[in-house]
Structure formats: structure tokens, C-alpha cells
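In this note's numbering, the protein residues as written are 35 to 320.
Note that CB positions come from ideal geometry on N, CA and C, so glycine has one too.
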């Protein structure tokens, strides 16, 4: 009898899939539609799978992104969800919900109401971030299109409201205009005015998440920034399964937040930090 010894199938724990985006096509004459998926990835294998609603949509190469899936039935019944998972690391996954899709002629009762658009802060020369929210009545569609000066910015599911658009291009005037239309009914629209922000340099607000440090002491976790931490800054701690962990906040000032580690067992944790639209994940080991 021969023994081969211990066998270790190492999993790349740093594998990451993020920023999953979905775009739905218009319905065709047979009440069918397609979706396009695209996302960012890091430390992955050569391929990934897409599943959802008990259906395996296939295996795809990362090099082939973005991918198109369909045709799918717009029967107003299926609550579409898509799960993307790395071929060799089942724990490396992400998902997005599209919701129910109705491929039916939209009625004249569709209405987009209470459209509110707020300018947030500059994100580069001649562009700034905006927050957009509204109510919709009488539509059977799943999403809407956003226009800037007649130019399409993108498609967004209604389930994603409110949304933040990071790179809204300024017209150079005192007032900018934005238009929102139901994706299935081009006559169902609403418009809003925005008091423009003058953006001449990159990140004029000055606060940069990339410069935030996590200092892991023996009995404390310190979130530190040489810049003044704004009131819009938030953080959240999770374990590697995604379970939220609550830590006691010992102190907080303009440059650092000190957390107790008494509630943490030994292991790996993710600290999610966010400022308005910008998000960063940092890993620590206790």
C-alpha cells in the first residue's frame, strides 16, 4: 500500500468580484429580452459561472466580459437574480437582482413623480457626483434611462433607487438639466434642474479614502486619516462570511476613530469604509 500524504487544495482567499452592473435590453415582439453583465475582478481563475432562479446560464471567460445572457421571458412573474461565481473558488462570488420584467405595452398612466436631484461634490475637472431619486406610477418595466443634455448616461433598475451617478458631466452653465424616462415607455419622463458645481481640479473636497489607514493594535483598531474625517464618512466591519460585527467605539475625533477589539475573535475581518459614493474594503487579521 502506498500513501500520497496530505493534499492541500489551496484557495485564493484574495479572489474578489465587485461592481457588478446589469443592463436590460428592450423587449422584442415575442416578449423576450436580454441582459448584459459586467463587473470588476481580482485574483481570479480563468473563468466564472452565472446562475440564478434555478438556471445555469453557462461558464464564461473573464476575458470575454461584458457578457450577454438570454433570451429571457418577460412574463411579469420571474424575479430575476444573477449570481456570478469563480470557477475554482465557490466562495468568490457576487450577485445582482433585476426583479420582475413585464414585456407588455406600457399604458398612458405611467408617471415619474417627485424627481429630486442633488449635486454632491466634484469628482474631477468638469464633472461632479449627483444623487437622484423619484417615485414611479403605472409602469410595468424594470428600470429607467437617465439623460444629460439629451445624451444617455445609462440604464438603472428601479430597485436601485436612490442612485448616485459619480461622473455627471457639467455643461459649464450655472444650471444643468437631467432627464429620466421609463426604459419601456419613452413618453413616460420627467426632468429636473441642478444648480451646477464648478469643478476645476480633481477631488477639490480633499478627502481621499485611499489615504485612510487601518492601524491594528493588540486591543484596538484605529481608523486614521491625516485629513479631517468628514461627517459623511461611515464604516462597517464584517467577518469573511459577510456577517456584520459590532465593535464598541472608544473614541472619535477629526483624524481617527478608535474601536475596541474585545468583541472580535481571532480570524480575518473586512472593514468597509465609505464616503458618499466612494467605497473601499480593507482586510485585517486578529
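**OP:** List the whole-angstrom C-beta distance separating residue 58 from residue 217, where the pair is believed to meet the contact cut-off of C-beta under 8 Å.
**Re:** Sequence index remark: in the chain shown, residue 58 carries index 24 (1-based). Sequence index remark: in the chain shown, residue 217 carries index 183 (1-based). Residue 58 to residue 217, Cβ: 7 Å. Contact.
Subject >> Cβ pair residue 272, residue 309 closer than 8 Å >> reply: By 1-based counting over the chain shown, the position of residue 272 is 238. By 1-based counting over the chain shown, the position of residue 309 is 275. The criterion of a C-beta distance shorter than 8 Å is not satisfied by residue 272 and residue 309.
**OP:** Determine contact between the segment 86 to 105 and the segment 207 to 223, defined as no fewer than three beta-carbon pairs at a distance below 8 Å.
**Re:** Contact fails: fewer than three Cβ-Cβ distances are below 8 Å.
Subject >> Residue closest to residue 100, alpha-carbon to alpha-carbon, out of 54, 143 and 120 >> reply: Locating residue 100 in the chain shown gives position 66, counting from the first residue. If we check each option's Cα against that of residue 100, 54 comes out closest.
**OP:** Return the CA-CA distance between residue 130 and residue 85, expressed in angstroms with no decimal places.
**Re:** Locating residue 130 in the chain shown gives position 96, counting from the first residue. Locating residue 85 in the chain shown gives position 51, counting from the first residue. One alpha carbon belongs to residue 130, the other to residue 85, and they sit about 11 Å apart.
Original post:
Per the contact definition of three or more C-beta pairs closer than 8 Å, is the segment 162 to 181 in contact with the segment 115 to 129?
Top reply: Short answer: they don't touch.
Subject >> Where residue 56 falls, given that 16 or more other Cβ within 10 Å makes a residue buried >> reply: As a working note, residue 56 is residue 22 in the chain shown. Burial call: buried.
Original post:
Is the beta carbon of residue 279 sitting closer than 8 Å to the one on residue 297?
Top reply: Translated into positions along the chain shown, residue 279 becomes position 245. Translated into positions along the chain shown, residue 297 becomes position 263. Contact: yes.
Subject >> Same chain, Cβ closer than 8 Å to residue 66, five either side skipped, listed in chain order >> reply: Reading the chain shown from its first residue, position 32 is the one you call residue 66. These residues qualify, in order along the chain: 104, 105, 106, 107, 108 and 137.
Original post:
On the three-state DSSP scale, how would you describe residue 251?
Top reply: Counted from its first residue, the chain shown places residue 251 at position 217. It is coil, neither helix nor strand.
**OP:** Starting from residue 85, follow its DSSP beta bridges and name the residues at the other end.
**Re:** Locating residue 85 in the chain shown gives position 51, counting from the first residue. Under DSSP, residue 85 forms a beta bridge with 90 and 117.
**OP:** Spatial neighbours of residue 233 within its chain, please: CB distance less than 8 Å, with the 5 preceding and 5 following residues excluded, ordered by chain position.
**Re:** Here residue 233 is taken as the residue at index 199 of the chain shown, counted from 1. Within the same chain, residue 233 has close Cβ partners 156, 157, 158, 159, 160, 161, 162 and 204.
Subject >> Sheet register partners of residue 309 (DSSP bridge) >> reply: On the chain shown, position 275 is the one that residue 309 refers to. Under DSSP, residue 309 shares a beta bridge with 267 and 312.
Subject >> Residue interval of the beta strand (DSSP E) (run including residue 193) >> reply: Start at 1 with the first residue of the chain shown, and residue 193 comes out as number 159. Taken as a continuous stretch (DSSP letters only), residue 193 belongs to no beta strand (DSSP E), as it is neither H nor E.
**OP:** From the DSSP output, in three-state form, read off residue 45 for me.
**Re:** Indexing the chain shown from 1 puts residue 45 at position 11. In this prediction, residue 45 has a pLDDT of 48, which is less than 50 and means its spatial position is unreliable; nothing more can be read from the coordinates.
Original post:
Are the beta-carbon atoms of residue 168 and residue 180 separated by less than 8 Å?
Top reply: For the purposes of this step, residue 168 is taken as residue 134 along the chain shown, with counting starting at 1. For the purposes of this step, residue 180 is taken as residue 146 along the chain shown, with counting starting at 1. Between residue 168 and residue 180, the gap from beta carbon to beta carbon reaches 8 Å or more.
Original post:
If we call anything under 8 Å between Cβ atoms a contact, is residue 153 one with residue 146?
Top reply: The residue given as residue 153 occupies position 119 in the chain shown. The residue given as residue 146 occupies position 112 in the chain shown. For the pair residue 153 and residue 146, the CB atoms are not nearer than the 8 Å cut-off.
**OP:** Report the rounded CA-to-CA distance for residue 230 versus residue 64, giving the unit in angstroms.
**Re:** Within the chain shown, residue 230 is the residue found at index 196, counting from 1. Within the chain shown, residue 64 is the residue found at index 30, counting from 1. The alpha-carbon atoms of residue 230 and residue 64 are separated by roughly 44 Å.
Subject >> Which of helix, strand or coil DSSP assigns to residue 106 >> reply: Translated into positions along the chain shown, residue 106 becomes position 72. Shown here, residue 106 sits in a strand according to DSSP, grouped into three states.
Original post:
Is DSSP giving residue 226 helix, strand or coil here?
Top reply: Within the chain shown, residue 226 is the residue found at index 192, counting from 1. Three-state DSSP puts residue 226 in a strand.
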